[in-house]
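The sequence shown begins at 18 in this note's numbering and counts up by one. No residue lacks a Cβ here, since even glycine has one placed at the ideal position from N, Cα and C. Every value quoted in this text rests on a predicted model; they were computed, and no experiment measured them. Below you'll find the structure, written out as structure tokens, and then a few comments.
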Amino acid sequence: MRLRTTDISARTIGGETIVLDLPNSQYFAITGVGSRVFELLGEERTLDDLVTTVVTEFEVDEPTARRDVEAFVDRLGRARLLA
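Next up, the structure:
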């Protein structure tokens, strides 16, 4: 999975990622670990890749990371931000 590459604009400022979905006139503010996962999705990644990176880079256990990453990716999918 990866982010949609057309018609979205994203910038990270002070630890917050601001995402504009231009065709749908939607604005998203992503903070914390979500900003890192969003960044990782700039390239093709599997759910396991994302979970492994979160566990490695943040002080979180694998079940918690998996649950949170799955929920975040699901929200991105519902917002049609994934390709």
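Residue i, buried or exposed, once every other Cβ within 10 Å from all chains shown has been counted against 16
i	result
Ala100	exposed
Phe55	buried
Ala82	buried
Ile47	buried
Thr23	exposed
Nearest residue (CA-CA) to residue i, options the options
i	options	result
Leu64	Gly49, Leu39 and Val86	Val86
Arg84	Gly59, Glu60, Gly51 and Ile25	Gly51
Gly32	Leu67, Gly94, Asp91 and Gly49	Gly49
Distance between residue j and residue i (C-alpha atoms, nearest Å)
i	j	result
Val77	Arg97	28 Å
Thr80	Thr69	The amino acid at residue 80 is misidentified as Thr; the sequence shows Pro. So the alpha carbons of these two residues sit roughly 11 Å apart.
Own chain residues within Cβ distance below 8 Å of residue i, not counting five before or after
i	result
Arg21	Arg97, Leu98, Leu99 and Ala100
Residue interval of the alpha helix (DSSP H) (run including residue i)
i	result
Thr23	That residue, Thr23, is in no alpha helix (DSSP H); it is neither H nor E in DSSP.
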